[in-house]
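Protein chains in written order, with this note's numbering: chain A, 1 to 118; chain B, 1 to 115; chain C, 1 to 253. First comes the structure, then the notes that go with it.
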Amino acid sequence: MIAVQAIVLLLVAGGAVAVAATRDPLCQAIVAGVYGLLLAILFVVFQAPDVALSQLLVGGVLVPALVLLALDKTRGSGGGPPLGRGSGGGPPIEEGSGGGPPLGKGSGGGPPIEEGSS
Amino acid sequence: MMSGLAYGVAGFVLLTGLWGIVTSRDSIHLVLCLSVAQSGTYVLLLAIGYREGGTAPVFQGVPPSAPAVDPVAQALALTDIVVAAVVLALLLALAVQAHKRFGTRDPDELRALRG
Amino acid sequence: MSRRGRLVVFAVAAAGLAGLLAWGLGGLPPLGQTPPYGQMLITVATMTRQVQNAVSGVNFDIRLADTILEEFLLLTAATGVTVLLRRLDDERERSPEQLAAERPAPPPVSDAVRVWSLGLIGPTVVVGLSLIAHGHLSPGGGFQGGALMVTAGLLGFLAGRPRALPWGGGVELTEAMEGAAGAGIVILGLAGVAVGGAFGQNVLPVGQRGALASGGLVPLVGGAVGVAVASGTALVVRAFVAEALAIRRARQR
């Protein structure tokens with residue numbers, strides 16, 4: 001029992017680093033789902049079935065669904081690349097920072113109107 | 001050693017989430033790193049409530065006098081998880097609205113609000 | 001502050017925080033030696049309240065004020081999301097056909113996904129209701145059952161039909177349910193005050209542990225919490241889904 005707890009704790013620590021280090025939000029949503037599953041296993045191993053049930057539902061279903069919906073909104077509306085076109089593996093940094101070309105903006109201070117980097 | 005590992009992992013996960021927030025270039029990535037930081041506190045709560053050789057605090061077929069882990073830590077953690085998801089949705093809605101106004105998801109580009 | 005500067009400041013702050021955490025967490029009792037507060041609560045929950053699931057007993061009876069505060073937190077966040085994603089003046093909702101004409105259509109939902117998703121909606125709702133109803137007997141309760149019911153709505157969305165489920169009968173009904181359930185929890189707590197006892201005191205007969213009708217107020221509060229969590233989360237998800245079908249006309253600045 002102790003060995004199982006130690007192994008799952010180390011996996012959780014690794015999973016946390018993986019989630020924080022994945023820069024592209026689309027890939028990160030999936031990694032976060034797997035991390036939620038790891039957390040649920042940790043909660044079961046620590047004798048907490050209620051918390052594990054909660055974590056499975058929230059971290060496995062609700063949070064990835066909400067993140068995907070938010071991603072769809074912040075890409076499709078301004079004419080950026082739609083969600084259907086996947087971002088592949090290891091996207092460049094520019095892909096994650098822009099999220100698509102900006103809307104028509106007249107007042108200064110906003111980012112200049114140009115085609116989004118893709 | 002085991003207690004050091006459990007508490008250490010909780011603190012490590014919290015710091016990892018914070019590092020992800022600080023070095024984030026995308027507000028949605030930031031929100032997910034915040035959820036990682038929150039999960040560190042759940043691990044800590046459960047580690048505090050754990051009892052050696054204890055069973056789950058559900059006594060179906062188990063006499064209530066059997067050693068069990070602390071139910072208060074679990075009660076706090078489980079309400080926390082569900083409510084944190086809705087607060088996460090609030091942050092995502094903020095990110096969506098910020099993208100509408102500034103056209104970017106980069107937290108560095110979100111300057112002062114205009115009009 | 002530049003990115004490098006921010007990283008340096010964070011490194012210093014993180015080192016300080018790590019030191020504080022090590023000092024604080026090192027002073028905790030070793031893993032597995034819990035204070036007897038938990039054991040006393042288990043005795044109270046199982047003997048006095050006759051509740052099998054001690055966590056539900058703690059959530060819905062012994063620490064009811066805590067649950068009420070968390071519930072209001074959820075309600076506030078749901079209100080915030082609905083307000084943030086409201087329909088502005090220069091936006092209007094467009095139909096899926098217009099949406100498909102504007103950007104490359106996503107790949108059509110495969111038949112397997114559609115059949116399974118629509119077929120699983122019924123069992124999901126039933127399991128969610130069962131989790132809420134048996135919250136005081138087995139692991140589960142209001143929070144988990146409520147979240148599971150929202151998953152049923154998301155299954156409809158996954159099958160490619162975002163309006164397949166009315167999300168609880170329309171926005172007005174969902175909001176009314178959430179408000180009524182939230183108020184219901186407080187009213188159930190006040191029932192204890194009405195008989196001259198403390199807030200949240202169990203006023204119903206506790207019954208026999210293990211029976212469905214046991215625990216006094218615990219199943220009722222669990223049911224109210226389940227409805228409140230389900231409607232609150234459904235409102236939030238619905239705001240996001242409705243936003244996904246909205247259009248934005250070019251803003252005149």
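Glycine included, every Cβ here is placed at the ideal spot set by N, Cα and C.
- Under the Cβ criterion (8 Å, minimum of three pairs), the stretch 37 to 55 of chain A counts as touching the stretch 32 to 46 of chain B.
- If you look at Glu71(C), you'll find it in the alpha helix (DSSP H) that goes Leu64 to Leu84.
- The shortest CA-to-CA distance from Val58(B) to any of Thr174(C), Leu148(C), Asp66(C) and Ser138(C) is the one to Ser138(C).
- The Cβ atoms of Val72(B) and Leu41(C) lie closer than 8 Å to each other.
- Collapsing the DSSP output to three states places Asn59(C) in a helix.
- Between the alpha carbons of Leu118(C) and Ala15(C) lies a gap of roughly 51 Å.
- At a beta-carbon threshold of 7 Å, the residues of chain A lying near Pro139(C) are Pro49, Asp50 and Leu53, ordered along the chain.
- Thr55(B) counts as exposed, since fewer than 16 other C-beta atoms from the protein chains shown sit within 10 angstroms of its C-beta.
- Thr233(C) places its beta carbon 8 Å or farther from that of Ala112(C).
- Among the residues facing chain C, Asp106(B) is not included, as its CB has no counterpart in that chain under 8 Å away.
- Contacts with chain B (Cβ-Cβ distance below 7 Å) from the stretch 49 to 77 of chain C involve Gln52, Asn53, Ala54, Val55, Val58, Asn59, Arg63, Thr67, Glu70, Leu73, Leu74 and Ala77, listed in chain order.
- Between Ala228(C) and Glu172(C), the C-beta spacing is not below 8 Å.
- Close partners of Thr151(C) in chain A (Cβ separation under 9 Å): Leu57, Val61, Leu62 and Ala65.
- Secondary structure at Val206(C): coil, using DSSP grouped into helix, strand and coil.
- Interface annotation, Ala70(A): in contact with chain C, CB-CB separation under 8 Å.
- In the structure shown, the three-state DSSP call for Ala47(B) is helix.
- Given a length threshold of 4 residues, each whole run of the alpha helix (DSSP H) inside the stretch 24 to 61 of chain A is given here in chain order: 25 to 45 and 49 to 57.
- For Thr22(A), the three-state secondary structure derived from DSSP is coil.
- Below the 7 Å Cβ cutoff, chain C contributes Val55 as neighbours of Gln74(B), in chain order.
- For Gly140(C), there is no enclosing alpha helix (DSSP H), as DSSP gives it neither H nor E.
- Around the beta-carbon of Gly215(C), 16 or more other beta-carbon atoms lie within 10 Å, marking it buried.
- Identification of residues in the stretch 36 to 58 of chain B having a C-beta nearer than 9 Å to some C-beta of chain C yields Leu44, Ala47, Ile48, Gly49, Tyr50, Arg51, Glu52, Gly53, Gly54, Ala56, Pro57 and Val58, given in sequence order.
- Following the DSSP letters along the chain, one finds Leu69(A) inside the alpha helix (DSSP H) bounded by residues Val63 to Gly76.
- DSSP places Thr55(B) within a strand segment (E or B) once states are collapsed to three.
- Listed along chain B, the residues sitting closer than 8 Å to Ala18(C) by beta-carbon distance are Gly11 and Leu15.
- The residues Val19 and Thr22, in chain order, have a CB closer than 7 Å to that of Gln28(A) in the same chain once the five nearest residues on each side in sequence are set aside.
- Counting along the chain, Ala228(C) sits inside the alpha helix (DSSP H) bounded by residues Val218 to Glu243.
- Bridge pairing for Ala68(B): Thr55(B) [DSSP].
- Gly40(B) carries a helical assignment under DSSP once its states are collapsed to helix, strand and coil.
- Remark: three or more beta-carbon pairs, one from each stretch, lie closer than 8 Å, so the stretch 10 to 29 of chain C and the stretch 2 to 16 of chain B are flagged as touching.
- The DSSP-derived three-state label of Gly5(C) is helix.
- Residues are counted here when their Cβ sits less than 8 Å from a Cβ of chain C; for the stretch 18 to 37 of chain B these are Leu18, Trp19, Val22 and Thr23, given in chain order.
- With respect to chain B, the C-beta atom of Ile2(A) has a partner C-beta closer than 8 Å.
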